[in-house]
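Just so we're aligned, residue 327 is where the sequence shown starts under our numbering, counting upward by one.
Even glycine gets a Cβ: it sits at the ideal position worked out from N, Cα and C.
Source: prediction; values computed, not measured.
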Amino acid sequence: MSYYRYSLLCLFAIFVVACEHVGPDSINDNESSLIAPPIGLTVGEGMVNPIGHYESVPRFSWQLDTESSQLAQQNYQLQVASDDAFKPEQIIWDSGRVTSSKNAWIRPEGLTLESRQRVFWRVKTWDVQSNSSQWSEIQTLETGLLRNSDWHAQWIGHPDTNERTEVLSPNAIEQSDNQYYPPQYLRKKFELNKPIERARLYITAKGVFKPFINGQAVSEDVMTPGWTPYHKRIETLTYDVTNLLQLGANAIGATLAEGWQGRIFHPTKQDYVTPLRLIAQLEVTFEDGTSSLIVTDDSWLSTDQGPIRTAGNYDGERYDANYEMPGWNTPEFDSEGWKRVYSEPRVPVVKLRPKRHAPVRVTKTIPAITLLSVKDGVAIFDMGQNMVGVPEVSLPVKKDQTVKIRFSEALQGEEFYVKNLRSAKSTDWYIPNSDGLISYQPTFTFHGYRYVEVSGYDKTATPALDWVTGKVLHSDFDVYDNFSSNHSKLNQLSSNVLWGLRGNFLDIPTDCPQRDERLGWTGDAQVFVRTSLYKADVYAFWASWLESMREEQGIDGMIPKFVPFRPFLTEGTAAAWGDAATIVPWELYQHTGDLTILSENYSMMKRWVKFTEFNSFDYISNIGTYGDWLQPFTENGRASGDTHPDLIATAYYARSVDILAKTAQALGYESDAHQYRRLFNNIKQKFRTFFFDDALNVVSTTTKQIKREKGKRLKSPKTVELNLKTTQTSYLLPLAFGLFSEDQQATAVDKLLDLLEKSDRHLRTGFLGTPMFHQVLQQYGHSELMYDILLKETYPSWFYSINNGATTTWERWNSYSIKDGFNKANMNSLNHYAYGAVAEWFYTGMLGIRTLEPGFKTFQINPQFTSKLNNLQGTVPTINGDISVAWSIAANQLSMSITVPKNTRAELKLPSIQDLTLTRDGKALADTDLWLEPGSYLVSGEITISK
C-alpha cells in the first residue's frame, strides 16, 4: 500500500471516530427548536427506577415521545450523575453527543457501579435536522448487594424444627415418611436514636419469607425470593424501609415457610429437604452521615408456635388462630418463651445476588360469579375463570370448628373433582379462636383452580357470593390486552392463552400450576417463548430463568428437562427440551434486539450443541425425546406420538446449530459462524436422505449406527433398525427449520397438505408440531388453510376446549368435556400454555406484524386477510413503542389503520387492491411508497378474497 493511500485511510478513520462522538458544543443547539424529551426510560430488561438492581454495568433504554415532532433519532447524549442536580462535578459518566439511532440496551463503557450505589441518569436526543430535545425526566438506579462479601449477616433459623410426617397420596404413589419443616417466626428488637435519612433492607431465605418492621409488612411481594438453583444461587430482595422505622425502639421480624425449598413433585425417598433459614441486613443511614447495621445473627429470637402451622406449595396452608401472637413483630411484644435462633455462616459457593425480575404479587382480584350449590354445610363457588393464586374468604365461623377450603379446575358432573391434582392436597384450613366473622388469605401457598369448596363455616348463616374472592398471583410483569376481533371464540382463545401465561409464570415458567408437579419444563418453554413476548412484558422473566438454566447445565453440556432441576426426579435430557438452550435466547433477541441475551448465553448454547454432537453418529442425533407430546389419534397409543424420536431429535439438532451459527454471526465470531453453518448444512443433507426417499416420502424403515447406549460407549458401533410413521409433524419440523432444499419445499408442502386433507383439516400434532402450523402454512401461501384449522369447532381443536367451558389452554386436546367430564389420565392439566403458542399468529399472521430486524427496528406489515373474520385490531409493544394494526372488510372494501412507532420503518405488503389509497397523518401518499416512516396511516381500497 502506498504512503499516500495509507494517509488517506488514517484521515478517514479519524473522521469516522470523530463522527461517532461529537462533543456537546460541536453543533450548536437551536434553543427555539427544542423538541419533546425522550420518554419510557428503563434500566436492564425494562426496570423503572429500580432499587436493588443486579447489574454493575447497567443497560439504558428510552423511546421518542409519540407526541413529538421528532420521527427518528440521529444522535443521543446520556449522562449519569451522583446527584439529581447534575452539576459538572456530580456527573460520573457522560457519553457526549453520540451519532447513533440506537435507543435501547446502551451500556456505558467505563462505568461500573458498586454495591448500594445510587445514581441519577437522563438522556437527550437530536433529530436528523440536528434539532435537540429537552433533557428527559431524571431517573434513578440503585444497585443491591452485588457480591457475597457485601453481606455481614448470618443464616438463622429455629433451632429444632426437624420433624417427620407421613404424606399419604390419594393416588397410591409410592411414598415414604417425608422430612418436613414447619413455618417459623423470627424477630429482633433494636434501638435507633438519631434522625434517619434512609434505610435499606437486604433479605432472602432458604425457603420463602415475608418480612415486617414495627408491625407493618415491608412489601406486597409473595413467595419471595422465588425459585433458583439454590445450591448455586439464591436471589435477594432490596426494600426501602425508611418510612417504616422510628426513633427509639424498633422491631424487625419475618415469617418463613418451605416454598420450593421443600417438597418438589410427589414425595419420594430421595427428596432431601434442607432446614429453613433467613438472612437479612438492615442498613440505616442517619442524617449526620453515620450509619447502623442490624443483621441476622444469634441474637435473634424464634418460634415455630405461630398461627401458620403448616404451609407448602402443593398441599396448602393450615392456619390456627388459637396460636396468634398479636404484635409479635412490634417492639412492645413480650417474647418470653421464644428461643434463640440457630445461626450458620454463609457458604461462598452459593451466590447471593439481587433478584433480576419482578417478584410474585397479587396482580388482580376477581369475585366469585356463582354460588353453585349449598349442601350439608358445603358451599361451592365458581370464580368464572381458571386462575392461579389464593382465595380471600370472609365468612362467619364457630370457635375451633375447622374451615376447610378445597380447589378444583372443573366439576365432574356435580362432583368436586380433584383426581388430576394427584398427590397434591391443595387444601387450606382455618381454625377460628372465637365465634364471629373472619377474613383469611393464605400466605405461603398457591393453587390452580376455578371452583372453591368451603365447609366448616357457621351453618346458621346462609352462604353468600361475597364470601370468596380470588387473588391472582404471578410474577408482576405488565400483561397486554392487545388483540380483538369480531369472533367471540377467537377472543376467548386469546384470553385463554393470556390466563395460561398468568397461571404458569409464577417466578419460573411452569408446565402446570395445580398438580404435584409445577416444574420448569424446557420443552414447553421453548414452544411458547415467542408467543409470550407478544402477550406480556416478560423479557426480564425469561432472562432470569436462563441464568438458572446456565447454572443447571451439566459439565458435559447437558441441559436438564426442567429448570431448576432436581436430579432425583429424572435423569438425562431430551431433544427439543434441551434445545431451549438455543431457542429461548434467540427468540428473545429477535423480539428485543438486545445482544446481551446472546452474549450471556453463548457459551451455554455452544456446550449444548457440543453435547448433541457428541451424542450423534453421522449427523443423526441419538438423544432421546418426549416426542410430539400428547399428539391425538396416535397409532402407537403412546403420549410421545407417532413421529419418530430420531427424526425429531435430528431436526432440533439442526435447528440449534442453525441458531448458533446466526448467534455467532450477530456477536461477531466469524470463525464460529462459518463452522456452525458448515455443520448445519451437513445435518440438513443427512436429514433429507436418511428420513425421506427421493419422492420425499417418509421412509418406513431404515438403519442407523450408534456408538453409545444408556450413557456408555460401545466397543464397536451397533446397527439399529428404525421403523417410521408418516405424520404431519414429520413435515412440519423440516419445513419450519429449513431442512428441505429450495426445489424440494413445494413437494414437502404438498405432502403436508395431503395429510391435512386426510384428517379433514384437523390437527394430528402435539406440543412440538402444533406451533409450527401457522409458521409453515403462512410461509408457503396457505394462510386460508390455517384459518380453517384455527376456527375448527370439533376435536381436536382450540375451539373444542372453548365449547367445553375452557378459560385457559389445556394440556390435552380432550382434557375435559361437559358430557364426559375429565379425561381418564391423571396427567391432565386444564392450565397448560404449550398449545397457546398459536396466539403468536394473531399478531404475525392475522395482523401481519413481523420483525425484519431484531427488536422491530424495521418490520413488515403483511396481514393475512380472510372473509372468515373481521374487525381485527391489535398492538405489538416494542422497545421503540407500540406497533398497531387494525383492519375490516365490508362489501369488498378494505379499511385499515397502521401506527409505525418513532425511530422505526415498516414495509407494507398488500395483496392486489383496486383503487388503493394510502394516507399518513391525513396526507395522501403515492401508492407505490410502501416503506412507511413513523406515523399513523390509513389504507383503503377494493379487495377480493376467496370465500
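At what residue ranges does the stretch 397-476 contain a whole run of the beta strand (DSSP E), taking only runs of 3 or more? 401-407, 417-420, 423-425, 444-452, 465-469
Under a Cβ-count criterion, where at least 16 other Cβ atoms within 10 Å of its own Cβ denotes burial, should S749 be classed as buried or exposed? buried
Run of the beta strand (DSSP E) containing N948, from where it starts to where it stops: Taken as a continuous stretch (DSSP letters only), N948 belongs to no beta strand (DSSP E), as it is neither H nor E.
Looking at T629: is its Cβ nearer than 8 Å to the Cβ of W586? no
Report the three-state DSSP secondary structure of L627 (helix, strand or coil). strand
Selected residue, minimal CA-CA separation from S1056, among Q957, T550, P680, E584: Q957
Output the distance between the C-alpha atoms of L570 and A580, rounded to the nearest integer angstrom. 15 Å
Spatial neighbours of M1112 within its chain, please: C-beta separation below 6 Å, excluding the five flanking residues on both sides. H1100, L1103
Are the CB atoms of A1160 and D850 within a distance shorter than 8 Å? yes
Tell me which residues share the same chain as N805 and place their Cβ nearer than 6 Å to its Cβ, disregarding the 5 neighbours each side in the sequence. According to the sequence shown, residue 805 is Val rather than Asn. Here the set comprises A862.
Residue(s) in a DSSP beta bridge with L1264: S1223, T1245
Less than 8 Å between the CB atoms is what I'm expecting for T562 and P551, so what's the real figure, rounded? 7 Å
Rank G710, W1124, R1087, K681 by C-alpha distance to the C-alpha of R1275 and give the top, closest one. Nothing in the structure corresponds to residue 1275, since the chain is present only between 327 and 1273.
Beta-carbon contacts of F891 that lie in its chain and below 6 Å, excluding the five residues immediately before and after: E878
Taking a contact to mean a Cβ-Cβ separation below 8 Å, would you say S1223 touches Y1169 in this structure? no
Would you mind reading off the limits of the beta strand (DSSP E) that contains P1097? Premise fails: P1097 lies in the alpha helix (DSSP H), 1096-1105, not in any beta strand (DSSP E).
To the nearest angstrom, report how far apart S352 and F937 are at their CA atoms. Low confidence applies here, because S352 scores a pLDDT of 41, under 50, leaving its location unreliable; read the following figure in that light. So the alpha carbons of these two residues sit roughly 54 Å apart.
Quick one: what does DSSP say H800 is sitting in, helix, strand or coil? strand
What is the rounded straight-line gap between the Cα of A902 and the Cα of E1137? 17 Å
Would DSSP call D1020 helix, strand or coil? coil
Exposed or buried, what is K797 when buried is set at 16 or more other beta-carbons lying within 10 Å of its beta-carbon? buried
Where does N1157 fall in DSSP's three states? coil
Per DSSP, what are the beta-bridge partners of E670 in this structure? W481
With burial defined as no fewer than 16 other Cβ atoms inside 10 Å of the residue's Cβ, what is the status of K932: buried or exposed? buried
To the nearest angstrom, report how far apart T466 and W447 are at their CA atoms. 6 Å
Are the beta-carbon atoms of K1249 and Q396 separated by less than 8 Å? no
Closest to A575 by C-alpha separation, out of E658, P601, L512, T616, would be which residue? E658
8 Å Cβ shell around T753 - same chain, five flanking residues per side excluded: D641, G642, K730, I731, R732, F733
Please work out which residues of its chain come closer than 6 Å, Cβ to Cβ, to N1188, disregarding the five sequence neighbours upstream and downstream, and give them in chain order. G1174, K1235
How about P1277 and Q480: are their beta carbons less than 8 Å apart? Because the chain here runs from 327 to 1273, residue 1277 falls outside it and cannot be looked at.
Just list the residues that DSSP pairs Q389 with in beta bridges. I365
Buried or exposed: which applies to W793, given that a residue is buried once 16 or more other Cβ atoms fall within 10 Å of its Cβ? buried
For the beta strand (DSSP E) holding R687, just list the boundary residues, first then last. 686-693
Alpha carbon to alpha carbon, what distance is there between D1241 and N817? 32 Å
Counterpart residues of G762 in DSSP-defined beta bridges: V723
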